[in-house]
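Following: one structure in structure tokens, then a few remarks.
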Amino acid sequence: MAGKTPSEKRLHKELISLVKEPPPGMVVDVDQAEQNLNVWTINMQGAEGTLYDGEQFQLQFKFGTSYPFESPEVTFVGQNIPVHPHVYSNGHICLSILTDDWSPALSVQSVCLSIISMLSSCKEKKRPPDNSFYIKTCNKNPKKTKWWYHDDKV
Amino acid sequence: MATTSNESDSSRKNTDNRENDNKDEQNNMFECNICLDYAKDAVVSVCGHLFCWPCLHQWLETRSSRQVCPVCKAVISKDKVIPIYGRGNTKQEDPRNKVPPRPAGQRTEPDANTGFPGFNFGDGGFHLSFGIGAFPFGFLTSFNFSDRHGVPVGGQLPQDDHYLSKLFLWIAVIFIIWLLLA
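Those sequence lines, one after another, are chains A and B.
Under the UniProt record's numbering, think of the first position of the first sequence as 1, with each following residue one higher.
Under the UniProt record's numbering, think of the first position of the second sequence as 1, with each following residue one higher.
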């Protein structure tokens, strides 16, 4: 344990608890996370009884050196990006806890739960209205985007 | 005799184990909400959430414009957290003094020759003064911030002080320009 930074220590603890008590439908790629503690891939299933029932998604978490004081960079990756009013087709997610409302008391687990509940409460599968403009102009890092959080319905 | 001592040894070991189990459970309760480790130099916010002081301090620095509790988003500040002193801790030092080390007090020795009997700077208050020596009778302004001890001050005093200091600064600047032009 010696020689670990506080950030690595916390990530290790989070990884253990995520493996022990994963949020419903979520499986973290442990081998990959153990190789590089700063990039995690989480396979998730659309919750039963929702518009995403039976779909498979991949979430990627990237942690900076100042985690947990800075939020992780969370995006959907892989072939299937959920069609949702807050998810851009390049995988960027418009979710306030990922930027302005981040708190170091949040965790990978709580971010996962927020994303599940965001998907589950969706009433109509559609892309954000500014999708085509956004994906042409945005930075690769979603944290560089100045997000406007105005819709708290879904 | 030997058997009794063995028995007492083993019973002690049992209680030790039980204590360790209890400790593991209790440790979860005393984990810092930020590093998720056993809280070191523990402080508790007024909303009741436990942190290591170094962790909380770093968070307060990260969002210095909007200082909120990481757990419940209540407004917090350095002055609104309570240090926790356990019995085992021999040095009952306020953890808030550790990170960053508390800034040392600043004081300046009075000038030996300042003989303005009319100026009373008050007792122990911080005072600020500036003067222009070139002027025959001296242009000296001084004003006094009373020692407020961190008590929140209502009213407009700090703003007034600020306004006064700006005013005097401008008067000084105008004087210098006037002296240069004359």
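All C-beta atoms in this analysis are idealised placements derived from N, C-alpha and C, irrespective of residue type, glycine included.
Any C-beta of chain A under 8 Å from that of residue i
i	result
B:I34	yes
B:V71	yes
B:Q67	no
B:D37	yes
B:W53	no
B:T62	yes
B:W178	no
B:L140	Only weak support exists for where B:L140 lies, its pLDDT of 48 falling under 50; the coordinates are left without a value.
B:W170	no
Beta-bridge pairing of residue i - partner residues as DSSP gives them
i	result
B:A42	B:C52
B:V68	B:V75
B:E31	B:Y38
N-terminal and C-terminal residue of the beta strand (DSSP E) that residue i is part of
i	result
B:P83	V81 to P83
Proximity test, Cβ basis, 8 Å: residue i and chain B
i	result
A:K13	yes
A:S71	no
A:S103	yes
A:K9	yes
A:P6	yes
A:P23	no
A:P68	yes
Residue i to residue j span [Cα, whole Å]
i	j	result
B:Y85	B:L60	22 Å
B:F30	A:S132	48 Å
A:L37	A:P24	22 Å
A:G49	A:Y149	27 Å
A:I136	A:K126	One detail in the question is off: residue 136 of chain A reads as Lys in this sequence, not Ile. About 18 Å.
B:C72	A:D31	34 Å
B:I34	B:E109	44 Å
A:N139	A:V19	32 Å
A:P104	B:D160	39 Å
A:K4	B:Y38	16 Å
A:P129	B:N28	45 Å
B:T141	B:L164	With a pLDDT of only 48 at B:T141, under 50, the local geometry of the prediction cannot be trusted, and the value read off the model is given with reservation. Cα to Cα, the separation comes out at about 10 Å.
A:V39	A:Y67	12 Å
B:T62	A:D29	31 Å
B:I177	B:K166	17 Å
B:I82	B:S64	19 Å
A:G78	A:L95	20 Å
Heavy atom of the ligand MG within 7 Å of residue i beta-carbon
i	result
B:R96	Here there are no bound small molecules, and the ligand MG is not part of this structure.
| field | beta strand (DSSP E) runs contained entirely in the UniProt domain "UBC core" (6 to 154) of chain A, provided each spans 3 or more residues | value | 26 to 28, 39 to 45, 56 to 62 and 73 to 77
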